[in-house]
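Novice: I'd like to ask some things about the structure below.
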Amino acid sequence: AQRVTQPEKLLSVFKGAPVELKCNYSYSGSPELFWYVQYSRQRLQLLLRHISRESIKGFTADLNKGETSFHLKKPFAQEEDSAMYYCALSGGASGTYKYIFGTGTRLKVLA
Amino acid sequence: DTGVSQDPRHKITKRGQNVTFRCDPISEHNRLYWYRQTLGQGPEFLTYFQNEAQLEKSRLLSDRFSAERPKGSFSTLEIQRTEQGDSAMYLCASSLGFGTGSNQPQHFGDGTRLSIL
């Protein structure tokens, strides 16, 4: 079955602490993985895409095919990082472009 | 370009009524998607268009749901005989892609929140 699992509904960290938002997936094939973020009263927006291998707003994510994981990390959390984070996968090369989303993790960065 | 636009932002209706939502994608995007999101869940895929062709539909899309993209630009999603369980946020997204395996990331609209009384 195709599935994305985000085990934590809520993650609270203090400002300046490291952050790791977990994402595990189940997919038969080679999916494309994404992290989307939704700030308060804003629309979903792309944060990271695994094939880009970029660092956006200090966040990075590495695709681990062996562990089927795509965890999102940031070494020093900022208050403005507080938001809802969704991990998503797409079939990409297999020709299906729909996204399968996880249930999301709310990140709260405390002052 | 203001991004993906959805109308209305909110819709309140009585059970049994029909509702229609509109989505205007980013102008050069050829792919358009509809998702539904309920409280505490991530968005769930409903259907997707490439230009005017509806290429994939989820099992979530019952016979009461129909989507169109008549000229390959804007899209409408209609729900007939609404039920309490239809209450959700309906999200539209668009992307640009050519051929198998080629797809830029999806851009999302603000969504239409549907409430069934």
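Residue numbers (the numbering used here), protein chains in the order written: chain A, 18 to 128; chain B, 2 to 118.
Just so you know, even glycine gets a beta-carbon here, dropped at the ideal spot from N, CA and C.
When you compare the CB positions of S76 (chain B) and C24 (chain B), do they come within less than 8 angstroms of one another, or not?
Specialist: yes
Novice: Hey, R65 (chain B) and I80 (chain B): beta-carbon distance below 8 angstroms or not?
Specialist: yes
Novice: For A18 (chain A), does the count of other Cβ atoms within 10 angstroms reach 16, so buried, or fall short, so exposed?
Specialist: exposed
Novice: Quick check on this structure: which residue in A:S57, A:P48, A:R20, A:P35 has the alpha carbon closest to the alpha carbon of A94 (chain A)?
Specialist: A:P35
Novice: If you pair each beta-carbon of the segment 7–18 of chain B with each one of the segment 77–96 of chain A, do three or more pairs fall below 8 angstroms?
Specialist: Too few Cβ pairs lie closer than 8 angstroms, so no.
Novice: When burial is assigned at 16 or more other CB atoms within 10 Å of the CB, is G33 (chain A) buried or exposed?
Specialist: exposed
Novice: How should A128 (chain A) be labelled, buried or exposed, when 16 other C-beta atoms within 10 angstroms of its C-beta is the threshold for buried?
Specialist: A128 (chain A) counts as exposed, since fewer than 16 other beta carbons sit within 10 angstroms of its beta carbon.
Novice: For G51 (chain A), which residues in chain B fall below 7 angstroms Cβ to Cβ?
Specialist: Per the sequence shown, the amino acid found at residue 51 (chain A) is Phe instead of Gly. Under the 7 angstroms cutoff, chain B gives P106.
Novice: State buried or exposed for R70 (chain A), treating a residue as buried only when at least 16 other CB atoms are found within 10 Å of its CB.
Specialist: exposed
Novice: So, at 6 angstroms on beta carbons, what are the nonlocal neighbours of I117 (chain A) in its own chain, with the 5 sequence-adjacent residues on each side left out?
Specialist: Q19, V21, L106
Novice: Let me see if you follow: with CB-CB separation under 8 angstroms, is S67 (chain B) close to chain A or not?
Specialist: no
Novice: Would you kindly work out how many angstroms separate the C-alpha atoms of T113 (chain B) and E29 (chain B), rounded to a whole number?
Specialist: Each residue's alpha carbon lies about 22 angstroms from the other.
Novice: Would you report the Cα separation of F51 (chain A) and Y102 (chain A), rounded to the nearest angstrom?
Specialist: 10 angstroms
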